[in-house]
Structure formats: structure tokens, C-alpha cells
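K.L.:
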Ligand code: GDP
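Residue numbers (full-length UniProt numbering): 1 to 543.
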């Protein structure tokens, strides 16, 4: 049992995600953060856990074959008096939609850059989502043990391409074979780097930090003086780190290291603990229960993380890892309150009540039943399709958080099952996968085909695999005549008028909202001009 108050518990949570272009080192860094946090004992454990999971879940063999991580999850660990919730985001660009949704549950992001490559396309995309959602960013420049770009050039790139003020917390002394260590701005503390002895399998521990002035032994001719000079230049040339400016999204503290060589990781974890924000006050609305007669208008309100009522939202639904069970696990991010196992929570939009008897906490090495949880925590709630992405849950059932975005798919395909007797089965399976957010499902107003939409091609592969493994359905995807999907909105009469004119291209999504399927981007533009009163949107907020 916790002896702390609810606001104190909320205040010691750090819920964060790592964003990176594929190959920048997100997986390696995750592992080494867990190592620094004492959550795992040896490097390699994250992958080992992954292997285990894969043997339990056949559809994930696709992950193994392609060497990518498809499903996002969370890892919780306690370190130095704080509770860290690390949200794992898939790195492959086809899964960006999933990543975007996961970021809605994060209070802070660690942006990992490859020191040789700087900002890459996927870094930029993910950064934009963080900016949109006011998520503050800590920068970690990785792979210093390899030949890196000039540190100042890297900082310039952050400033010019992201319009973010970089505040170097440390400054590296060289890179690659000449990497000597790094010096802390302000304090002048030097953290030496220890190279792996050639021929040895094991890394050696890095020596303790010491004042730079006393660290001459770690340098070769001229390097020590050069670093002392660089430190002065950098301290004079860059703004000092300002927490307020970081929290407002103007400034990013910059740390350096090598995930693979476990260098700079303790410093990064300390930065997260010290500076990443605790769960924020969230905007929400208080709504009348569904189907209330003469319901009063919704009231805008703010939810304090330290308040007593348990509230939160579902940002992801994962299929159960065990293919013999059809259970789904809803990933519930708490926004406030003190959760106890066995508690009853209500789903705001449906009014359904559920007893949360077997909530799961995800620790690095195993999963445990969550006895209690607080704002910032993510718990897995097993259910049979009651919970959907975007649902708001609370004790009163009246609190609704702004929805999570659905993105207009970029590829639309027709799906058919090879055995026509299984058509009904297909419908159920497609709905299940759409509810999980694996792909989007559109039912055209005319005809009986289903159109499946995805942000990337790989999503179709995952889908075909899962339809086969979990539902025993052999499906074929065929090109559809459509290139784009747009949600439509406007006055009822205008919407009805538009729909009657474009009936053959109208469809409904999983929530029965109307969607226009355009044959080309030209057509989207054309109908947009012809029907100025209709709003055609690329994203839809759910929940
Ligand atoms: P992800 O795709 O972002 O998850 O990247 P991974 O963590 O899988 O790393 C991609 C590759 O870079 C792997 O071969 C890692 O071993 C390697 N790598 C990651 N961090 C470092 C580092 O600090 N130094 C070096 N030299 N290689 C690294």
C-alpha cells in the first residue's frame, strides 16, 4: 500500500516515449534505460522477452521475419523514488498511426538521433506530432562510439529544422575511435569513456566522473586543452537550460552517448527523472449519461492528476498474445485518481460498466496484476471487445477526453475471402481488427465488399497474417478504385445532398460515420470546390 497521497503519487510519475527514425537505436536505448533503471539485469533481455512473446503469438512471426517491432507496449519501472512508464512505439514508418496514438499517452518524448545522420525523415514526422500535442522533448544523440558529425552542426540542424533551441547539457570530446568522454556544462564535470578492449566480448565499466581540470590522463596531446576551450565556447554560445522553456516546447536539453556501449545512459535517465513533466492537467468534458432525456449541455472541465476520481482513456487495443483466447487488452492511460484492483469503471460513450479485476502492469521482465495505479500509469484491461481505442473511462462514467486522431489511410484495398461461405466470418474479423486500430474498415453504401484502409503496405501483411492465424481466413487483397478517404461533415441537409449525389462513392467507417472515397487526389480537390459547405477532413477524432 502506498503511503503517499494521490497528488504525490501522480507527481512522481514520468510517462514518456522514445521517438526515432528506424535504426537510430531506439530498441538498444530502451534496453539500456531499463538497465540503468535497474529493471533488467543484463543487456539482451528486451530482445529475449520479445522472442518469448513471439513463440506465444504466431502472428508476430512477421515481426521476426522482418526484424521490426509491430506492437507498441509499455514498460514500467521504479527508480530513484520515481515511477517510469516507458511507452514503446514501433519504429517502422508503416505503423506511424499506431505511434501517433501512443504519443497521445506520453507526457514527454526522448528524440534519438544517430550522431552520423542527424535528423531523418521519420524523426521529423514524429517531432511534428509531439509539437502538435505540446509534448516536451529531450534530445539524445546516439552512436558517439562511431564517427559522428560535428556537434555544433548537429545542434544547428535541431535549431533550424525543428525551430527548437538546443541547450547542450553535456559536450562530447570527439567521437568514434577518438571518443574520450563528455563534459557537463556549468559544472565542468568530465565523464570519461572506456573503450571495449580489443578481443574482449565484454564492455568495461566507464570510470567515475571527475573535474575536467583533473582529467588530463584521459586525453592525447592537445585534446584536453581543446575540450576546455570548447566548454567555454559552448557555455558562452548556447543558452543555459531552462526548464520552463523546455516544458513550453521552445527548448530541448541535448544529451549524448552510445546506447550500445552504455555511455551517457545514467545521465539521460537522470534528466528524465529531473525534468520530464509529471502527468498534466487534462482538458475534458462532463457529459450526461448516454440516452438521458433532456440532457444538459456538456460542461468543459479540467482533470487534475491528483484528484480522487479515476479517469483516463484507451489509446491502444492489443490482441491477446495467446491465440487461443479472443481477449483483447485495452491499454488504459490514467489521467487522475487512485485506482484499486477490482474497481468498477464506466465507459463514457456507451455507459457500459466493467469491473477491472485483472488489470495488468507491464514490467520489463514480466507482467503482474496491478493492485493500484495512479495518473500517468498505463494498465492493460483485458476485455471482449467492450473497450475501443479512444474510449474514456471513469468512475462516474461522465468524463470524456478529447478523442484520439484517426488518420486518413493512404492505401485503400478491397478484401475478399477465398471461401465464399466464410463471408460472414470475415465481417466479424475485419471489425475486430478495425476496433483494435490495426487497419481502418469502410463499408460502401452500395455493394457488399469491404474496403480496408492503411497508412502503409505492411499493415496489410500484418492483417492477412492475423486473419489467417487467428480467424482461419484465407484472404486476398485487391486494388480498389479509390485513392483517398475523407470524413465528411457539415449541416445535415448539405451532407444529405452531397451523399445523394455521390452515393456510389459513399461509405461508413466503424463508428458509422460517413466517409467519401475519392478516386484520385484531383477528385478530392474537385468535390471540395464544388461543395464548399462540406468539410472534408483527413483526420477524425474518436471517442
Ligand atoms: P531501432 O531501429 O531504432 O530500434 O534501432 P536498434 O536499437 O535496433 O539499433 C539499430 C542498429 O544500430 C543495431 O545494429 C544496433 O546494434 C546499432 N546501435 C544502436 N545503438 C548504437 C550505438 O550507440 N553505437 C553503435 N555503434 N551502434 C548502435
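Note that CB positions come from ideal geometry on N, CA and C, so glycine has one too.
With respect to the beta strand (DSSP E) encompassing residue 440, which residues constitute its N-terminal and C-terminal limits?
P.N.:
Counting from one through the chain shown, the residue named residue 440 turns up at place 440. Taken as a continuous stretch (DSSP letters only), the beta strand (DSSP E) holding residue 440 covers 440–444.
K.L.:
Looking at the strands, I want to know which residues DSSP matches up with residue 272.
P.N.:
Position 272 of the chain shown, counted from the start, is the residue given in the question as residue 272. Residue 272 pairs with nothing; no bridge assigned.
K.L.:
Does at least one heavy atom of ligand 1 sit under 7 Å from the Cβ of residue 258?
P.N.:
Working through the chain shown from its first residue, we reach residue 258 at position 258. Residue 258: yes, Cβ under 7 Å from ligand 1.
K.L.:
Measure the CB-CB distance between residue 370 and residue 360 and report whether it falls below 8 Å.
P.N.:
Within the chain shown, residue 370 is the residue found at index 370, counting from 1. Within the chain shown, residue 360 is the residue found at index 360, counting from 1. Result yes, Cβ atoms of residue 370 and residue 360 sit closer than 8 Å.
K.L.:
Quick check on this structure: which residue in 12, 451, 10 has the alpha carbon closest to the alpha carbon of residue 516?
P.N.:
The residue you call residue 516 lines up with position 516 of the chain shown. The shortest Cα separation from residue 516 among 12, 451, 10 belongs to 451.
K.L.:
Is residue 493 buried or exposed, if buried means 16 or more other CB atoms sit within 10 Å of its CB?
P.N.:
As a working note, residue 493 is residue 493 in the chain shown. Residue 493 comes out exposed.
K.L.:
When the Cβ atoms of the region 470–480 are set against those of the region 491–507, are three or more pairs found closer than 8 Å?
P.N.:
no
K.L.:
If I follow the unbroken alpha helix (DSSP H) through residue 185, where does it start and stop?
P.N.:
Indexing the chain shown from 1 puts residue 185 at position 185. Neither: residue 185 is in no alpha helix (DSSP H) and is coded neither H nor E.
K.L.:
Using C-beta distances below 8 Å, list every residue in its chain close to residue 340, excluding the 5 sequence neighbours before and after it, in chain order.
P.N.:
Numbered from 1 along the chain shown, position 340 holds the residue referred to as residue 340. When the five nearest sequence neighbours on each side are left out, the beta carbons in the same chain lying within less than 8 Å of the beta carbon of residue 340 are those of 371, 372, in order along the chain.
K.L.:
Applying the 10 Å Cβ sphere with the 16-neighbour rule, what's the burial state of residue 299?
P.N.:
Here residue 299 refers to the residue found at position 299 of the chain shown. It counts as exposed.
K.L.:
Looking at ligand 1, does it come within less than 7 Å of residue 25, judged from the CB to the closest heavy atom?
P.N.:
The residue you call residue 25 lines up with position 25 of the chain shown. Yes, Cβ of residue 25 sits closer than 7 Å to a heavy atom of ligand 1.
K.L.:
Along the chain, where does the alpha helix (DSSP H) that runs through residue 361 open and close?
P.N.:
Position 361 of the chain shown, counted from the start, is the residue given in the question as residue 361. Looking at the DSSP string, residue 361 is not in any alpha helix (DSSP H); the run it does join, the beta strand (DSSP E), is 360–362.
K.L.:
Is residue 344 near residue 355, with beta carbons less than 8 Å apart?
P.N.:
Counted from its first residue, the chain shown places residue 344 at position 344. Counted from its first residue, the chain shown places residue 355 at position 355. Yes, they are a contact pair.
K.L.:
Provide the residue(s) that pair with residue 448 in DSSP beta bridges, ordered along the chain.
P.N.:
As a working mapping, residue 448 is identified with position 448 in the chain shown. Beta-bridge pairing links residue 448 to no other residue.
K.L.:
How far does the alpha helix (DSSP H) with residue 583 in it extend, from its first residue to its last?
P.N.:
In this structure the chain extends from 1 to 543, so residue 583 is not present and cannot be described.
K.L.:
For residue 203, which residues from the same chain have a beta carbon less than 7 Å from its beta carbon, with the 5 sequence-adjacent residues on both sides left out?
P.N.:
Mapped onto the chain shown, residue 203 falls at position 203. Hits under 7 Å: 196, 261, 262.
K.L.:
Does residue 37 pass the burial test, meaning 16 or more other C-beta atoms within 10 Å, or should it be called exposed?
P.N.:
Mapped onto the chain shown, residue 37 falls at position 37. Residue 37 is buried by the Cβ-count criterion.
K.L.:
Say yes only if the C-beta of residue 308 is nearer than 7 Å to one or more non-hydrogen atoms of ligand 2, and no if none qualify.
P.N.:
Looking for ligand 2 in the displayed structure turns up nothing; the ligands present are ligand 1.
K.L.:
Would you say residue 151 touches ligand 1, meaning its beta carbon is less than 7 Å from a heavy atom?
P.N.:
Along the chain shown, one-based indexing puts residue 151 at 151. Because no heavy atom of ligand 1 lies under 7 Å away, the Cβ of residue 151 does not count as near it: no.
K.L.:
Using DSSP's beta-bridge definition, name the partner residues of residue 381.
P.N.:
By 1-based counting over the chain shown, the position of residue 381 is 381. 330.
K.L.:
Verify whether the separation of the beta carbon atoms of residue 149 and residue 106 is less than 8 Å.
P.N.:
For the purposes of this step, residue 149 is taken as residue 149 along the chain shown, with counting starting at 1. For the purposes of this step, residue 106 is taken as residue 106 along the chain shown, with counting starting at 1. No, Cβ-Cβ distance for residue 149 and residue 106 is not below 8 Å.
K.L.:
Determine the DSSP secondary structure at residue 209, reduced to helix, strand or coil.
P.N.:
Within the chain shown, the letter at position 209 stands for residue 209. The answer is coil: DSSP assigns residue 209 none of H, G, I, E or B.
K.L.:
Alpha carbon to alpha carbon, what distance is there between residue 528 and residue 49?
P.N.:
For the purposes of this step, residue 49 is taken as the residue at position 49 of the chain shown. For the purposes of this step, residue 528 is taken as the residue at position 528 of the chain shown. Because the pLDDT at residue 49 is just 44, under 50, the model does not fix this residue reliably, and the value given afterwards should be weighed accordingly. Each residue's alpha carbon lies about 49 Å from the other.
K.L.:
Between which two residues does the beta strand (DSSP E) carrying residue 386 extend?
P.N.:
Here residue 386 is taken as the residue at index 386 of the chain shown, counted from 1. Careful: residue 386 lies outside any beta strand (DSSP E) and carries neither H nor E.
K.L.:
When the distance is taken between beta carbons, is residue 387 closer than 8 Å to residue 381?
P.N.:
Taking the first residue of the chain shown as 1, we reach residue 381 at position 381. Taking the first residue of the chain shown as 1, we reach residue 387 at position 387. Yes. Within cutoff.
K.L.:
Using three-state DSSP, classify residue 99 as helix, strand or coil.
P.N.:
Within the chain shown, residue 99 is the residue found at index 99, counting from 1. In the structure shown, residue 99 sits in a helix (DSSP, three-state: H, G or I).
K.L.:
Tell me where the alpha helix (DSSP H) around residue 544 begins and ends.
P.N.:
As displayed, the chain neither begins before 1 nor continues past 543, which places residue 544 out of reach and without an answer.
K.L.:
Write down the C-beta distance between residue 102 and residue 315 rounded to the nearest angstrom, noting that I regard them as a contact closer than 8 Å.
P.N.:
Sequence index remark: in the chain shown, residue 102 carries index 102 (1-based). Sequence index remark: in the chain shown, residue 315 carries index 315 (1-based). Sure, about 6 Å apart at Cβ, within 8 Å.
K.L.:
Counting pairs of Cβ atoms below 8 Å between the region 293–307 and the region 419–434, do you hit three or more?
P.N.:
no
K.L.:
Quick check for students: name the residue ranges of the alpha helix (DSSP H) that lie wholly in the region 103–191, counting only runs of 4 or more.
P.N.:
121–132, 151–162
K.L.:
Which of the three DSSP states, helix, strand or coil, is assigned to residue 525?
P.N.:
Here residue 525 refers to the residue found at position 525 when the chain shown is read from its first residue. DSSP places residue 525 in helix when its eight states are reduced to three.
K.L.:
Here's the rule: buried if 16 or more other CB atoms are within 10 angstroms of the residue's CB, otherwise exposed. What is residue 384?
P.N.:
Position 384 of the chain shown, counted from the first residue, corresponds to residue 384. Flag for residue 384 reads exposed.
K.L.:
Is the beta carbon of residue 111 sitting closer than 8 Å to the one on residue 137?
P.N.:
Residue numbering aside, residue 111 sits at position 111 when the chain shown is read from its first letter. Residue numbering aside, residue 137 sits at position 137 when the chain shown is read from its first letter. In this structure, residue 137 lies closer than 8 Å to residue 111 by Cβ.
K.L.:
Would you say residue 279 and residue 376 are within 8 Å of each other, going by their C-beta atoms?
P.N.:
Position 279 of the chain shown holds residue 279. Position 376 of the chain shown holds residue 376. Pairing residue 279 with residue 376 gives a Cβ-Cβ distance under 8 Å.
K.L.:
Measuring straight from C-alpha to C-alpha, what distance separates residue 429 and residue 460?
P.N.:
Working through the chain shown from its first residue, we reach residue 429 at position 429. Working through the chain shown from its first residue, we reach residue 460 at position 460. One C-alpha to the other measures close to 14 Å.
K.L.:
May I ask you to check if the CB of residue 146 is nearer than 7 Å to at least one heavy atom of ligand 1?
P.N.:
Here the question's residue 146 lines up with position 146 in the chain shown. Within the cutoff, so yes.
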